[in-house]
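Chains as they are written, first to last, in our numbering: chain S, -16 to 317; chain X, 11 to 295; chain W, 1306 to 1573; chain C, -6 to 368; chain V, -6 to 368. Glycine included, every Cβ here is placed at the ideal spot set by N, Cα and C.
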Amino acid sequence: RPGPALAGDIGDRVILATWPNYHDAANFDLFRDQTGAAVQVNVFGSNEEMLAKLQAGGSGWDLFVPTNYTITTYVEADLIEPLDLSKLPNYDAAAFEARFAEAGTVGGKLYAVPKNWGTTGMAWDSGKAKAPFTSWKEFFDVTRTDFSGRTIVHDYQLTTIGSALKYFGYSFNSVDPAELAEAEKLLIEVKPHLFAITSDYQPPMRNGDAWLTMCWTGEGKQLNRDLPEIQFALGKEGGEIWSDYYAIPKNAPHRDAAYALLNFLIDPQVNAREALAHGFPVADARVNAQLPAELLNDPILHPAAELLNALEFGAAATLTDPNRAELMARFKSA
Amino acid sequence: MAISQRMARAILLAPAGLWYAVLLVLPLIVVLVYSFGERGAAGGYAPAFTLAQYANLGARWTALQNTLLLAPAGTLAALLIAYPLAYFLALRVTARWRTTLLVLVIVPFWTSILIRSYAWIFLLGGRGIPQLLSDLGLGDLRLINTPFAVLVGIVYGYLPLMVFPIYVSLEKLDRRLLEAAGDLGAPPWRSFVQITLPLSLPGVATGSMLVFILLMGEYLIPQMLGGGKVFFVGNALVDLFLQSRNWAFGSALAVTLVAIMLVTVTLYMRFLKRIGAARDDVGLM
Amino acid sequence: MRLYAFVVYAFLYLPIGIIALFSFSAGRNASQMQGFSTQWYGRALSNPFVLDALQTSALIALSSAVLASIVGTLAALALSGMKGRLRTLFDALIYIAVMIPGIVIGIATLIALVTVFDAVNPWLEGATGWRLSMGAGSLIAAHGLFTMSLVIILVRARIEGMDRALLEASADLGAGPLATFRQVTLPLLAPAILAGFLLSFTFSFDDFIIAFFVAGSETTLPIYIFSSIRRGVTPEINAIGTMVMAVSLLMLVIAQITLRRGEKPNPQ
Amino acid sequence: MTEATGHHTVGASESIAEFVNTSKRFGAVLAADSLNLRIRKGEFLSFLGPSGCGKTTALRMLAGFETPTEGTILIDGRELASEPAYRRPVNMVFQHYALFPHMTVAENVAYGLRQRRPKLPRAEIAGRVAKALDTVRLGDFGPRRIWQMSGGQQQRVALARAIVNEPKILLLDEPMAALDAKLRAEMQMELLSLQRSLGITFILVTHDQQEALSMSDRICIMGKGRIMQIGTPRELYDTPANRYVADFVGRANILPARVRATTGGRAEVELADGLRVEVTAPFVAPAGAAVEVAIRPEALRLALAPEPGVPAIAARVTHMTFYGEHIEYLLAHPVLGALQVMLPRQAERALPGADVGVMLHVLWDAGAGLILGQD
Amino acid sequence: MTEATGHHTVGASESIAEFVNTSKRFGAVLAADSLNLRIRKGEFLSFLGPSGCGKTTALRMLAGFETPTEGTILIDGRELASEPAYRRPVNMVFQHYALFPHMTVAENVAYGLRQRRPKLPRAEIAGRVAKALDTVRLGDFGPRRIWQMSGGQQQRVALARAIVNEPKILLLDEPMAALDAKLRAEMQMELLSLQRSLGITFILVTHDQQEALSMSDRICIMGKGRIMQIGTPRELYDTPANRYVADFVGRANILPARVRATTGGRAEVELADGLRVEVTAPFVAPAGAAVEVAIRPEALRLALAPEPGVPAIAARVTHMTFYGEHIEYLLAHPVLGALQVMLPRQAERALPGADVGVMLHVLWDAGAGLILGQD
Ligand SMILES: Nc1ncnc2c1ncn2[C@@H]1O[C@H](COP(=O)(O)OP(=O)(O)OP(=O)(O)O)[C@@H](O)[C@H]1O
Ligand SMILES: Nc1ncnc2c1ncn2[C@@H]1O[C@H](COP(=O)(O)OP(=O)(O)OP(=O)(O)O)[C@@H](O)[C@H]1O
Ligand SMILES: [Mg+2]
Ligand SMILES: [Mg+2]
C-alpha cells in the first residue's frame, strides 16, 4: 500500500530531529524520490535537550521523536500541535498496543504517533561477574566493591536517578524530596567508583574498560549479538519501559512535508524496513506481522511478562521537576 | 575634509559596531538580566529579581574548582611541552626543514578536535596505552575518564596554540645576542636563562593567555575524556541550559565565569606589563 | 633535542594515525581495527547527512569568514590611527569579544536572540510573512563576533606596521586616495586579511560549542560528529576526519605553492 | 660631476618653483620659518643642514605632503599650497625608497604612468618604463621582485620610478643615506650625470656636506627652520655668511679678533695673541670692532721656521692624523687654543722631523681667512 | 688620533695573538684562506677589505664563534682554536651592538662581570660598571633602557660592556657602520683615545679606508679570504704591494708601462704614449718588462704650460669636482685614457681659465708613482 500520491506542493525539504541510528537512510531516499522533499536529519541524545531546543524556540524542526513521558509537557507548553488525521491515511489507531500508544493522546486529542518502544536495564560482562545481575541493588552494590571503576551510568537523569531510586525500592518516577535525597546520597557515594557518566557506553563495554552499564534494549541486543559474554537483564525491582513517538512542533516551517514524511514513515512496509535497520521493537501490529519471528521472540527485546509488568513508564513530572534536574547536575559536578 | 574623514570612519565602523552591539553587548546584558531571574516552571527563564542564583553558586563549586585548577595546570603543562619544541624549531632546525616542521605542528588542527579527542578515548582506554604498559609489565593503569586524561587532551588540543607564539618570539631573537652573551663569558645554559628565556617571554605570555582563555570555557575535552566525571564550568553551563534548563542559574554561572576571566586576564596582563614581557606581540591576543 | 621533538611529533600524530588507520577498518566499531576495507569512505561519501553537514559547515565557515574579513578589515582601517573615546570603546569590545569563552557566547547569543525574535516575530510576520529564527544566519553572526575581532587585531597590527611612505609615494606618483587604497593599501594588507580569513574559516569550521547552541536546525559537521559520537561511532567518522584533513593538507600545499611563487619568504 | 655645467643654468632668473614666506608649524615646533627661495629651472639645488633643521619639511611642502601654515608655494607660477600631492608635477625619491614590495621592478616604475587619465596605451607605458630602466642601467631587471634587488639597485628603481613621469622637479630626500661609502660615491656620480642629461630640476636633501659640495649648482644651508645662506658651493665655501655656515660647510678655525682697518675688501685684524693678519672682509667692519675670523685648515701653512713678511703663529703639534692624500695636524697655542692645519701629502716633505710635541710655525698668508657676519 | 703614538707599540715582536695557517671553509666558500698574522700587544690593528672578503670570519674565529677548518689560533701563546667563546680572554663590539634589550644600560655593562666564577662582590661590579660608563661618558645613563639611547650612545654602551671585562683583545666588527658621518667621526676619535688610554689591543674590522688609515697602527688588507698586505697606513699608502692594494687604499691612476732601467730604488719606465718617467721601484724589474705603474691623483700636478725637465702629459679636462679643500680634475688622454688629478684648493689659483674642455699639462715629478707587483 503505497502512500497516497502527494501531488500537492510540500516543498523541497523537511527537517527531522531524532535519535542516532534510528532510521534507514534508504527510506529517506525513497521519500525524496516520491515527493521531491529531501529529509534533513538532526540527531539528539536526550529528551531534555529536545525540550531545551524547542523551548529556546527557532529549532526549525518539522518532525521530532519525543519519548512518552515528555508529551504532556510539550502540550502544556504549547510546543506541539494536535495531528490532523486526514493527512495521515497510514495511521491506524487499532494497530497499536495501547500502552505504547496512549501517551500520544492528551486531552482527547492525538498529538503523537508511536515509533518504537523498549526497556532500560543493565548489561554486564559475565566473564568478570561472580553471578548474573538481577537487580538495581546488586548493580550499585557491586559497583562499590568488585566492579569499582568499571561501571557506567547514563548521562540522563530519568534512568540514572530512576535506577538509584529503585535501589531503595522507591518509584522510578519519584519526585519526593526525601526519596530523591536518598538517591542523591547513593549516587554521590557511588560516583568515585564509576567508570563514566555517559550514554555512549558501547565502546568501553566492547573494549573491556567497563564491565557493567545501564543499557537500552536495542543496544543490549547489539552488544550481546556481537559479544555473547555481555549479558542483559532488567532489574527485578522494576525500572523503565519507554515508547518513542513522532510529533510535529508548533510553527513547523514545512508542515505539509512533515505530515507527508510522518505518513510515509508509519507505512507498515516502510516501518518494517526501519525496524530491520535499527532493531528496536515496534508497537504496530501491522509491522510486526512482517518481521522475522526470531526478532519477535528475542528475550532481550521482548522480555518475560512478569519482568515487563514491574517496569514503569517515565512520568511527565520527572522531566520538568527542578529538583531532579538539579540533583543530576549536582551529581555530575560533584 | 575633516568632517568627511569622520564620516568615512563612521561608515567603516558601523558594521562592526552593529555586530558588537547585537551579538556582544545585547547578549551580555540579557545574560546579566537573566542571572537575577528564576527558573521557569517547565524550565527556561521566569522574570524576577533575586540574588538566589548567585547564592546557589556553591552547588557548582567543584566545577569551578576543577576549572580553576585544571586550566592553569593545562596551560602550564602545554607551556612546558611546547617551549622546547618551539626552541628546537626556531633555533636548532635548518631553514629548509623549518617550514615543513612548523606546518606539521598545525596540521593536526585541521582534523576536528572531536575526532582527535575520540582517538584519545581509544588511546587512553583499556585497549590502548594501558594495555601496552601492562604488556610491558608496568602494572594495571587506568587513564581514561580521569583528570589526567583531560589534561592530556588539553595539552594535545592546544599545543600548537602554545608553540606558535613562542616560536615567533624565539625566531625573532637576534642570535648575535647569544654570541654576545657567550663573548662576555656566559656558558650556553646561562645565556639561555639570562637572554633567551627573558626575550621569549612575550611569546610565552601570548601563548599562555590564549590557551588559558580557551581552557576556562572548555567543554568538549572534559566531556569526552573525563567520562562525565571531570566537570568544568563549561560542562556545568551546558548542563544547565540543555539538561536542567535552568537559564537563570546558568546565566549567573556564565556571568561569574566572565567576571573571573576579566579579572584574571586583566591582572595577568598587568603583571606582564610590569615584568616587561608585554612589549609587542602580547597585544595580539 | 631532536629526540624530544620526535616524541612531541609522535604525540601530535599518534591520534591522527589512529584515526586514519581505523578509517580502513572493515568492522563497524570506530575504535577497533578489524580487517581492511575502504568501505567507510564510500559510505561517508554517499551519506547525504554527512555531505549535508559538510556543506553546511563549509558554507557557514565561508560566509562568516568572508563577512568577518570584510567587516573586520573596514573596522581596522577606521580604527588605525584613531584616538579618543570611540577607540577606547572599540578596544574594550574587541578585548571582551576575544576573551569571552565560546560557550558563554553561544549561550548568551541564544537567549538574547530568542528573546529578541520572540518580541519581533509577531510584528514581523504580520508585516512581511517572514519570521526570524535561529539557523545559519545566527551561527554566522555568532562566529563572526570572535573571528571579526581576530581580523581587526591582525589587520590593525599590519596597518600600524605599514610604511606610511608607501602611501605618500603612491600619492606622489599621481594616485588619488581611492586609487592608492586599491593599488597599495589593500595588496599590502592582503596577507593579514588572508591570515585572518583562514583563521576565521578554521575556527568556524571546527567550532562545536557555539554552533551547539546557536545553529537552530542546521547541522554542522562538528554537531553531526558529536551526536554520532554520543551513541556509538562507526569508522565512517574516521573516514570523514581523514578526508577533511587530507583535503586541508592539500589546500595548504597548494596555498604554499601559490604564495611562494614570487612572494618574499615571509619574514615572520 | 662637471662643475662647469653649473654655469649653463642659463637665464638664471627663470624660476620653476618658489617658496614665498613659507612657514610650517608642528605644535610648538616651527619646522620651517618663513622660507623665501626661488628655485631655478634645470638647476641642481641641495638643502644642507643638520638633523631636525627642517630640510625634509621644506621638501614635503613642495611635494604636497604638508600644507604650509603660513605663506605659499608656487610651482611653475601657479599657487599650489593646497593642491594635493597627487596632482602636482613633482616626483620624489624617498629616503628608504618606499618601493611597493608587492610589485615587480617594472610595475613599480609603471605605477605613475598607470595613474594618468586618460589612460596611456599599454605599449607606450611599457616603452617608457623600459627606457627609464635603461637610463638607470637596470634594463634587464624589470620582472624582478623588489626584495631581490640590492640597496643600490633599489635606489635606482626609485629613481626610475620618479623620472619616468618626467616631473618638472625631482625631489630627493637623502636618497643615499642608506648606502655604504663606495656605493654612495658611485650613485652620486650617476645621479649627477642623469640630472645633466635629463635637464630636470633636482632638489636634494642631505646632511652630508661633501655630497652637497660636489653635486650641487646651488646649496641652501638650513638651520633651525631658517635658510642661513644660499649660494654656489664655492660661494659658501669661500665666503660663508656667518659662523653657522662656516662651521657646517668644510672645517674652519674660528678665532676672535679685533678690526684695525678695512680697505677694499681686505681688513687688517689683530688676533688675541697680538698677531696682525690680513683677511678678506665681505663687508666693512668698523675699526676696533670685535669680530670672528674664520680660516680653513688647508689655507694655513706649516713651516719649521717663520717666513719673512708672513704672519706666523708658533704652536706645538698635539695630534697628527694620516688620511692618505693629506695629513691633519692639530696644534695647541697657549692663547689661541687648538688650531687645525691640513697639509697636502707632498708638503710633508718640507717638514722633516715634524712630529707630536714639536714646535711649528703656522703661516697665515695675506688675504686667507675672512671676517664672519652675525648668524 | 695621535699618529705618533703608533710608534710607542714598543717591543713590536711581543705578540698577543697569532693566526697560524688558519683557514675557514663554509661549504664551497673559502672564507679565510691560510691566514698568517701576528697581532702585537697593545696595537690598533684594522682588517680592511671589500664586502665578503672574510674580515668578519677572521674576527669571529678569534672570538671563538667559528672554529677554523685548518690551522690554528694562538692567544697569549695558548692554542685556542677549539676553546669556546665564553672562555676566551677577548671581547667583541658587535656591528649592531647586540645589546640586551631587556636589560638596562648598567645591567648590560655588568653582564660580563656577573658571569665570573667565583662571583665578584656586588660592590665591585657596581664600581667597575660605573667606571666603564664614565670612560665612555655615559656616567648618568646606567638606569636607562637600551631603546631610550640614541645610536651613538648605544655604541658607547657596547664599548663599555666590552671594556669593563678588561679583555686582552677588543674586537670591533664595523662598530661605526650604522652611524652617520658626523657621529662616526666623533666616535672614531673617542675610540682611538680610549685605546691609547687603556692600552688594550684593538682589532677593528672595517671597509672604510679613511677609517682604517686614520686610526690604525697597522692595517691588514684582505681580499677573497686572503691577506693581501700588512703594514702601517703609510706603508700601504706609499708602497702598495700590488694593484689590489693600490686600488683599494686611496685612489690611484694605474697605467701600463715598460721598464727601461732600474737603479737604486728608482726605475725609468716608458708609458704607452712614449713618455718616459722616473718612478719608485720597490723591487728590481728587468729592463723591457711590461709592468703596471700606479700614481696617486695628488702626486700629479697640473699646469697651463709644461715645466722644463718635468715629464708632462697633455690632456683635456672632462670633469671638475669641487670638494671644498681640494678639487678633483678628470682628464682624457687619447692613449693613456682617463687621468685623475687632485689639486689642493690653493693650487687652483695657479690655473686661471682651467675649465672643462681646456687642454692642461699633467706634470709627473721624478720618483712619484711606483711599479706594482703582481697580486
Ligand atoms: N609630523 C611632524 N609632527 C611634529 N613635528 C614634526 C613633524 N615632522 C617634523 N617635525 C619636527 O620638525 C622639525 C624639522 O623636521 P624635519 O624632518 O624637516 O628635519 P630634517 O632637517 O629633515 O632632519 P633629518 O636630517 O633628521 O631628516 C623637527 O624638529 C621635527 O621634530
Ligand atoms: N655562516 C656562513 N655560512 C656560509 N657562508 C658564510 C658564512 N659566513 C660567511 N660566509 C661567507 O664567507 C665569505 C666571507 O664572509 P665574511 O662575513 O667574513 O665577509 P666580510 O669581509 O665580513 O664582509 P662584510 O664586509 O660584508 O661584512 C662570504 O662569501 C660569505 O658569504
Ligand atoms: Mg629629513
Ligand atoms: Mg662582516
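The alpha helix (DSSP H) runs lying completely inside the segment 110 to 192 of chain C and spanning 4 residues or more are 115 to 128, 144 to 156 and 174 to 191, given in chain order. When distances are taken from the beta-carbon of X:GLU189 to the heavy atoms of ligand 4, even the shortest one reaches 8 Å or more. Interface residue (Cβ-Cβ distance to chain S less than 9 Å): X:ILE154 is classified as such. Per DSSP, reduced to three states, the secondary structure at V:LEU324 is strand. If you look at V:ARG33, you'll find it in the beta strand (DSSP E) that goes 22 to 33. Distances between the C-beta of C:GLU167 and the heavy atoms of ligand 3 include at least one below 8 Å.
Less than 9 Å divides the Cβ of V:ALA51 from the Cβ of V:THR15.
Within a 10 Å sphere around the beta-carbon of C:GLU263 sit fewer than 16 other beta-carbons, which makes this residue exposed.
Sequence-ordered contacts of the segment 192 to 203 of chain V with chain C read HIS200, ASP201, GLN202 and GLN203 [C-beta pairs closer than 9 Å].
Within the segment 114 to 127 of chain X, LEU114, VAL115, ILE116, VAL117, PRO118, PHE119, TRP120, THR121, SER122, ILE123, LEU124, ILE125, ARG126 and SER127 place their CB atoms closer than 9 Å to a CB of chain W, listed in sequence order. For ligand 2, no non-hydrogen atom lies closer than 8 Å to the CB of V:THR60.
Restricting attention to X:ALA81, X:PRO118 and X:LEU134, the CA atom closest to the CA of W:ALA1551 is found in X:PRO118. Membership of S:TYR229 in the beta strand (DSSP E) is indicated by the continuous run 222 to 230. A distance criterion of 8 Å places the beta-carbon of C:LYS175 beyond contact range of ligand 4, judged by its closest non-hydrogen atom.
At a C-beta separation below 7 Å, S:LEU177 has these neighbours in chain X: LYS239. With 16 or more other CB atoms across the displayed protein chains lying within 10 angstroms of its CB, V:TYR237 is buried.
Per the C-alpha coordinates, the member of W:ILE1457, W:PHE1506 and W:GLN1339 positioned closest to S:ASN190 is W:GLN1339. The criterion of a C-beta distance shorter than 9 Å is satisfied by X:ILE125 and W:GLY1546.
Cβ contact annotation for V:PRO136 (same chain, cutoff 6 Å, sequence separation greater than five): THR97, in chain order.
Listed along chain V, no residue sits closer than 9 Å to C:ARG219 by beta-carbon distance, the nearest being about 20 Å off. As summarised for the segment 32 to 80 of chain S, the continuous alpha helix (DSSP H) elements at least 4 residues long and confined to that stretch are 54 to 59, given in chain order. Taken through DSSP and simplified to helix, strand or coil, S:HIS285 comes out as coil. Shown here for W:ARG1436: same chain residues with a beta carbon closer than 8 Å to its own, the five before and five after excluded, namely PHE1422, ASN1426, LEU1429 and GLU1430 in chain order. Between X:LEU252 and S:GLU31, the C-beta spacing is below 9 Å.
Sorting V:ILE193, V:TRP357 and V:PRO160 by C-alpha distance to the C-alpha of X:GLY195 places V:PRO160 at the top. In the three-state reduction of the DSSP assignment, V:PRO94 falls in the coil class, being assigned neither a helical nor a strand state. Taking C-beta separations shorter than 7 Å and ignoring five residues to either side along the sequence, the partners of W:PHE1513 in its chain run PRO1527, ILE1528 and PHE1531, following chain order.
In the DSSP secondary-structure assignment, V:GLU261 is bridged to V:ALA254 and V:GLU271. Under the 10 Å beta carbon count, V:ILE66 is surrounded by 16 or more other beta carbons and is classified as buried.
Residue-level contact check: W:LEU1394 does not touch chain S, since none of the beta carbons of chain S fall below 9 Å from its beta carbon. With respect to the C-alpha of W:ILE1515, the residue from W:GLY1442, W:ASP1468, W:GLY1501 and W:ILE1559 having the closest C-alpha is W:GLY1442.
For V:PHE37, the nearest beta carbon of chain X is not closer than 9 Å to its own beta carbon.
DSSP links V:GLY224 through a beta bridge to V:ILE212.
Counting along the chain, S:MET197 sits inside the beta strand (DSSP E) bounded by residues 195 to 199. Annotation: W:VAL1460 has no Cβ neighbours in chain C at a cutoff of 7 Å; minimum Cβ distance is about 16 Å. Beta-carbon to beta-carbon, C:LEU329 and C:LEU248 are separated by about 6 Å, close enough to satisfy the 8 Å threshold.
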